[in-house]
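Undergrad: Here's a structure for you.
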Amino acid sequence: MSTISIKSIYNDFKAITKAGLAISVLFSSIAGFLLGVTDFQSLDWVVLLKLAIGGYCMVGASNAFNQVIEKDLDALMDRTKNRPIPAGRMSPNLALVIASVLTIIGIVLLYSINPKSAMFGAISIFLYTSLYTPLKTVTSLSVFVGAFPGAIPFMLGWVAATGEFGIEAGTLFLIQFFWQFPHFWAIGWFLYEDYEKAGFFMLPTGKKDKGTALQIILYTVWLIVASLLPSLGYTGQLFISPIAAVLVFLLGLWMLFYAVKLYQSRTAKAARTLMLVSVSYITLLQLIYIFDKFLR
437 MSTISIKSIY NDFKAITKAG LAISVLFSSI AGFLLGVTDF QSLDWVVLLK LAIGGYCMVG
497 ASNAFNQVIE KDLDALMDRT KNRPIPAGRM SPNLALVIAS VLTIIGIVLL YSINPKSAMF
557 GAISIFLYTS LYTPLKTVTS LSVFVGAFPG AIPFMLGWVA ATGEFGIEAG TLFLIQFFWQ
617 FPHFWAIGWF LYEDYEKAGF FMLPTGKKDK GTALQIILYT VWLIVASLLP SLGYTGQLFI
677 SPIAAVLVFL LGLWMLFYAV KLYQSRTAKA ARTLMLVSVS YITLLQLIYI FDKFLR
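Counting in the numbering used here, the sequence shown runs from 437 upward without gaps.
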């Protein structure tokens with residue numbers, strides 16, 4: 437019986453913090469950290485551990501606050517109705533306590549790395565919960581607002597490693613910022629009917645039309661351009677070799693291909709495929725950057 441209850445508590449904690457999403461976001465922070473260290477020998481594993489735990493706490497807190505705020509709307513959608521709060525397995529007050537504790541732990545751990553890391557972590561939680569979440573039922577510009585906290589993790593890793601915010605961290609922010617749009621618009625497309633039940637406005641034109649599909653293509657192009665900036669020699673200590681640039685460009689063409697396919701077919705299947713490709717894109721891009729740094 438205790439095993440069952442412990443397992444259910446563990447599963448609900450994963451659900452309220454959206455563990456899968458939190459870990460993928462955390463990967464971006466670790467990638468940024470590895471890009472920020474001078475070399476592998478100078479890597480501080482204690483700082484990396486603090487970043488990992490603190491980063492998870494910050495993302496988990498944002499997700500928990502989000503689910504407290506949207507508990508009634510989550511109950512209306514098929515994809516969210518079984519979350520701990522709408523399903524009645526967790527009270528909103530307990531979720532609020534979990535979110536608050538995670539926020540405190542996260543900020544303390546990030547502050548112990550350096551104050552700038554804590555500041556950006558705190559900004560991320562504030563933007564996600566206080567601006568992005570309430571705007572989702574008001575305007576499609578919520579995706580634009582949400583792109584700011586969503587782009588912080590990659591940059592946060594660099595700041596944690598160096599203690600500095602400069603052109604390098606700004607470039608990492610820019611890459612993940614532009615990535616948000618095709619990724620979340622693809623999600624908004626294939627979950628359009630479910631989002632509509634809760635009154636969420638996720639697509640730029642409000643509809644699954646050519647206008648939205650065209651914007652997805654345009655932002656994918658901007659993403660490719662931003663991803664190639666480190667190859668031009670203007671981004672300080674952040675740079676990639678010509679070979680890495682070619683790989684990044686081919687990766688971009690791969691994602692652009694599926695963005696164009698969505699424009700042509702405008703189907704939920706094409707949108708879902710683009711979403712999966714976008715996740716692969718950002719992960720592979722970060723791996724290319726890391727391997728290029730340590731192997732060249």
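Beta carbons: idealized from backbone N, C-alpha and C, even for Gly.
(1) Have a look at L689, I489, D630, G468 and flag the residue whose alpha-carbon is nearest the alpha-carbon of L538.
(2) Pick out whichever of A680, P678, L692 has its Cα sitting closest to the Cα of W658.
(3) Could you check which residue in F590, A523, L546 has the C-alpha nearest to that of C493?
(4) Write down the C-beta distance between Y725 and I676 rounded to the nearest angstrom, noting that I regard them as a contact closer than 8 Å.
(5) Measuring straight from C-alpha to C-alpha, what distance separates D448 and P528?
(6) With distances taken from CA atoms, which of L698, L650, F626 is nearest R515?
(7) Are the CB atoms of K643 and R702 within a distance shorter than 8 Å?
(8) Would you call the segment 540-560 and the segment 613-629 in contact, with 3 or more CB pairs under 8 Å?
(9) Can you tell me whether P678 is buried or exposed? The criterion is at least 16 other CB atoms within 10 Å of its CB, across all chains shown.
(10) Please confirm if M494 has its CB atom under 8 Å from at least one CB of chain B.
(11) Any contact of the segment 502-511 with the segment 521-535, i.e. 3+ C-beta pairs under 8 Å?
(12) I'd like the span of the alpha helix (DSSP H) that includes Q612, first residue to last.
(13) Do L710 and L698 have their C-beta atoms within less than 8 Å of each other?
(14) Just tell me which of L592, A649, I603, S536 has its CA closest to the CA of A554.
(15) What residue does the alpha helix (DSSP H) around L512 start on, and which one ends it?
(16) Comparing C-alpha positions only, which one of G496, L470, L487, R525 sits nearest to K443?
(17) Taking the CB atoms as reference points, tell me whether I588 and F609 lie closer together than 8 Å.
(18) Taking its Cβ as the centre, do 16 or more other Cβ atoms sit within 10 Å of I466, making it buried, or is it exposed?
(19) Tell whether a beta-carbon distance below 8 Å holds between L720 and L668.
(20) Would you decide whether S663 is buried or exposed? Buried here means 16 or more other CB atoms lie within 10 Å of its CB.
(21) Can you list, in chain order, the residues of its chain with a C-beta nearer than 7 Å to that of T656? Leave out the 5 residues immediately preceding and following it.
(22) When we look at the beta-carbon of I652 and count the other beta-carbons within 10 Å, is it buried (16 or more) or exposed?
(23) Mark V445 as exposed unless 16 or more other C-beta atoms lie within 10 angstroms of its C-beta, in which case mark it buried.
TA: Put simply:
(1) I489
(2) L692
(3) L546
(4) 6 Å
(5) 13 Å
(6) F626
(7) no
(8) no
(9) exposed
(10) Of the protein chains in the structure, only one exists, and it is not chain B.
(11) yes
(12) 603-626
(13) yes
(14) L592
(15) Run containing L512: none; DSSP gives neither H nor E here.
(16) R525
(17) yes
(18) buried
(19) no
(20) buried
(21) P618, M691, L692, A695
(22) buried
(23) The identity of residue 445 in the sequence shown is Ile, whereas the question assumes Val. Answer is exposed; the Cβ neighbour count stays below 16.
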